[in-house]
Each structure stands twice: as C-alpha cells, then as structure tokens.
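Written out as structure tokens, the structure is:
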C-alpha cells in the first residue's frame, strides 16, 4: 500500500523558511487575492488533468475579459515573442477566483476560514515531497513536516498571508522590512536519533 502525506495548499506561495526570496514570486493576483496552486501529479504518458492539490477554479467568480486594451495587447505581443506561444493574443485575460479547501479566494475572511480547513492526502511521491520542500505545499501532519524540513501549523498561516501582502509591491528598502515571522517562527521537526533533517531552501515555484 502506497504511503500518503497530509498537506495544505499554499495559496500565498510564500515559503515559511525563506519569506523574502519566495515573495518575489508570491501567489497574490492583481486584485490581491491568493492564487498560488499546485497541479496534481501527472504520470509519464498521461495527459494533464488540469486538477490542483486542494484547489479548484470557481467558475461563478472567475471573470473573463473579452476585450484587450492596447497596453494588454502590447504586453501579450511581447510575451508571444519571448515564449513563441502563438495563442497568447487569442487567449482572453481573466481574473481567476480559486477555491482552496472549500474557501473562495475572494472571501474577505479567507485566511481565518482557510486556517480551520482540513488538509488533503497526497501520495508520498517524489513530486509531492519536492513541493513540500519548495514550500508550494505546506505540511499537514508530522510525516509531511519531516519531508519538508519544517512545521507550519495553521496558526502560522496568517503570517504567510501578511508576508505576501507586504511584498506584493516591494519598496526599495526590502532589507529593512520587518520579518513577519519575527514572533511566529515555524517549528523545525525534532531530529530522530541518528538521522538528519533537510531544510528546504528554494522559494515558491
């Protein structure tokens, strides 16, 4: 029987052990809503299912904009040259609203409600273990925390949300910002006798 891990999605895309660096690619959208998602693992030869760990798009609250402004067309044209994606200009921009563990990202009380949600189970594969180490997923049990190299309990989620907001428009003196984890530090798992603990160092992917 395959082992499983309990995990939380990380809607803010902020690594608990590497707040400043990971915030450079945080998960807030242009409306300030959490939107960092992790796709479910796709096995070799399988087609992507476009499903996400503990998250799904909310069709009622996701807004698709049919008309592109001149600035948007200019930016998309530049992106097309960089990526070689000929469909860039044909894809209407949209403001995605995500539902994380049953809580809509547009909910004013998102963080408080998300904190009360239960984690989901994923197979203990290399893919999901790397997502934990990278901070793209958050540990929801002791086994997942051992893999991640840190513990980030629901009590820490508010600090992650605050960190994402602080770095959404980073000022020039980022170094002087107050560390949001100054008072709430994630707890490192206790080392078992004769074992070592690996700490994730990469930021949000």
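Numbering (the working numbering), first residue to last: 620 to 824.
We treat Cβ as the ideally placed atom computed from N, Cα and C, and that holds for glycine.
Just so we're clear, the structure is a prediction, and the values are computed from it rather than from any experiment.
Considering only C-alpha positions, which residue in the set the options is nearest to residue i?
i           : options               : result
residue 657 : 769, 741 and 689      : 741
residue 745 : 731, 778, 779 and 767 : 767
residue 677 : 753, 717 and 664      : 717
residue 769 : 785, 784 and 748      : 748
residue 781 : 664, 731, 688 and 750 : 731
residue 648 : 771, 630, 664 and 638 : 630
residue 675 : 637, 663 and 719      : 719
Please return the same chain residues whose Cβ sits closer than 6 Å to the Cβ of residue i, not counting the five positions on each side in sequence.
i           : result
residue 622 : 743
residue 734 : 773 and 776
residue 739 : 673
residue 690 : none
residue 803 : Confidence at residue 803 is low in this model, with a pLDDT of 37, below 50, so its placement is unreliable and no value can be given for it.
residue 670 : 659
residue 643 : Low confidence applies to residue 643: its pLDDT is 49, below 50, so where it sits in the model is not reliable, and the reading given next is rough at best. If we look at residue 643 and ignore the five residues flanking it on each side, it has no Cβ neighbours.
Would you please state the rounded distance, in angstroms, between the beta carbons of residue i and residue j? I believe it to be under 8 Å.
i           : j           : result
residue 628 : residue 672 : 6 Å
residue 759 : residue 626 : 5 Å
residue 763 : residue 624 : 4 Å
residue 783 : residue 646 : 7 Å
With a CB to CB cut of under 7 Å and the five nearest residues on each side skipped, what residues in its chain are close to residue i?
i           : result
residue 771 : 635, 757, 758 and 805
residue 750 : 657 and 756
Return the chain-ordered list of same chain residues with a C-beta closer than 8 Å to the C-beta of residue i, the five sequence neighbours on each side being excluded.
i           : result
residue 681 : 713, 714, 715 and 716
residue 801 : Note on residue 801: pLDDT 38, under 50, position unreliable in the model; the coordinate value appears next. Counting only Cβ-Cβ distances below 8 Å, and skipping sequence neighbours, we find nothing.
At a cut-off of 7 Å, would you count residue i as near the ligand MG, judging by its Cβ distance to the nearest heavy atom?
i           : result
residue 752 : Looking at this structure, you won't find the ligand MG or any other ligand, since it has none at all.
The segment 724 to 736 contacting the segment 652 to 659, beta-carbon criterion three pairs below 8 Å: yes
Contained beta strand (DSSP E) runs [length at least 3] in the segment 630 to 695, N- to C-terminal order: 674 to 676
Uninterrupted beta strand (DSSP E) stretches inside the segment 706 to 760 (no shorter than 3 residues): 717 to 719, 739 to 742 and 756 to 758
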